[in-house]
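Take the sequence shown: its position 91, counted from the start at 1, is 90 in numbering that gives the first Met the number 0, and no numbers get skipped. Note that the Cβ used here is the ideal one computed from N, Cα and C, for glycine as well. Notes follow the structure.
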Amino acid sequence: MIITDTRPVARTLLRSKPIPNTRQDRIMGALLGAAIGDVMGNAITGLNQEEIREKFGEWGISSPPYESLVSHNFQLTLFALDALINCTQKSQRLSVKDIAECLIKCIKEWETVVNHPNLFHGINHLADRNSVCTDFMKNYPLWRFKRPGIKTSKTNISDQINPMLIALLLCANLKTVQEVSLELNKAFGTTEIGLDIDLFTSLFNNTESLTKENKVKGLSVMCEKINQSKRPDLMGMIAGFEHGAKYGIKAFKQIWYLRIDAMNLNEQMGWRVARNIKSF
């Protein structure tokens, strides 16, 4: 069971750090990286290279802006994790079709929260037995704040496949992720920036230790990918996820943790994935 914490300490450093270089460390690092990359990418979305340099310097954005709000992309990743955990607790044997249907339902429930952020808060009698996302996620206090990149009728629904696949990569093996990806592409269309799923297969089994050189180099590559991308809002999550999954939570500068408003929920979800998910 995870407990909602609405106090200011939600912006403190991770309180329960896993053993470095373990799978748990990499899961939490991947989520932390996705959150950091999300706010960095969204900070420069819609800006051309000249505007980025003018606002953030010659090398572009190199750290999360202060007091950063995660966007709806990362919010959907957390919703997808919540849905996947919830579905595995209801049924220990999920087919590819079951997982795809779970994520498709997740999008609809997430859209309801995005478009009606005050609908669920404090109203437990709206619980739906067929819901894939829990009341905990729908009622989480963070969603009362307006998020950047709010979904509109003009938003391409296919863009939401990547955030859900990022969540699935934490829970499933390569074959399952590939097959679910195909099912989602059939349902929504192909994303503009697709996850290179093969790239992530060895990240969580990687035994390469984090060194200062690897940390600096990895963060530089991450920032470069975000600054050079035509879709930094999506690339930010992908690049951050990749770096965190490879080296864990210490792969990021600690001061960056303080700038993300979803840190408390991020930490809880990371531990929850490891406790409740067996790779399917």
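Given this structure, state the Cα-to-Cα distance separating residue i from residue j, to the nearest angstrom.
i           : j           : result
residue 67  : residue 204 : 31 Å
residue 103 : residue 181 : 13 Å
residue 267 : residue 48  : 36 Å
residue 273 : residue 187 : 29 Å
residue 75  : residue 257 : 21 Å
residue 170 : residue 21  : 15 Å
residue 226 : residue 128 : 43 Å
residue 113 : residue 155 : 15 Å
residue 201 : residue 193 : 18 Å
residue 62  : residue 54  : 13 Å
residue 244 : residue 24  : 8 Å
residue 228 : residue 254 : 25 Å
residue 271 : residue 43  : 32 Å
residue 269 : residue 92  : 22 Å
residue 19  : residue 211 : 14 Å
residue 52  : residue 60  : 8 Å
residue 50  : residue 41  : 14 Å
residue 172 : residue 275 : 15 Å
residue 208 : residue 57  : 31 Å
residue 246 : residue 137 : 31 Å
residue 164 : residue 174 : 13 Å
residue 16  : residue 110 : 32 Å
residue 220 : residue 230 : 16 Å
Using CA coordinates, which residue listed in the options is at the minimum distance from residue i?
i           : options               : result
residue 198 : 219, 188, 181 and 240 : 240
residue 238 : 16, 207 and 162       : 162
residue 39  : 16, 23, 24 and 72     : 72
residue 189 : 158, 254, 64 and 147  : 158
residue 285 : 100, 109 and 208      : The structure shown has nothing for residue 285, since the chain only spans 0 to 279.
residue 183 : 37, 115, 211 and 105  : 105
residue 223 : 36, 19 and 17         : 36
residue 69  : 160, 142, 211 and 57  : 142
residue 135 : 160, 145 and 85       : 85
residue 260 : 207, 140 and 221      : 140
residue 235 : 110, 111 and 34       : 34
Note down, in chain order, each residue of its chain lying with its Cβ closer than 6 Å to the Cβ of residue i, except the 5 sequence neighbours on either side.
i           : result
residue 178 : 95
residue 166 : 76, 79 and 80
residue 233 : 161 and 192
Report, in whole angstroms, the separation of the C-beta atoms of residue i and residue j, which I expect to be a contact under 8 Å.
i           : j           : result
residue 132 : residue 81  : 5 Å
residue 264 : residue 83  : Not a contact, Cβ separation roughly 16 Å.
residue 32  : residue 242 : 5 Å
residue 108 : residue 130 : 6 Å
Leaving out five residues on either side along the sequence, give the residues of the same chain with a beta carbon under 7 Å from the beta carbon of residue i.
i           : result
residue 168 : 176 and 199
residue 116 : 142 and 143
residue 65  : 258
Tell me which residues share the same chain as residue i and place their Cβ nearer than 8 Å to its Cβ, disregarding the 5 neighbours each side in the sequence.
i           : result
residue 146 : 68, 69, 70, 71, 74 and 113
residue 88  : 275
Three CB pairs or more closer than 8 Å across the region 206–219 and the region 189–197: no
| task | Mind the definition here: the region 249–256 touches the region 23–32 only if three or more C-beta pairs lie below 8 Å; say whether that holds. | result | Contact between the region 249–256 and the region 23–32 is present: three or more C-beta pairs spanning the two stretches fall below 8 Å.
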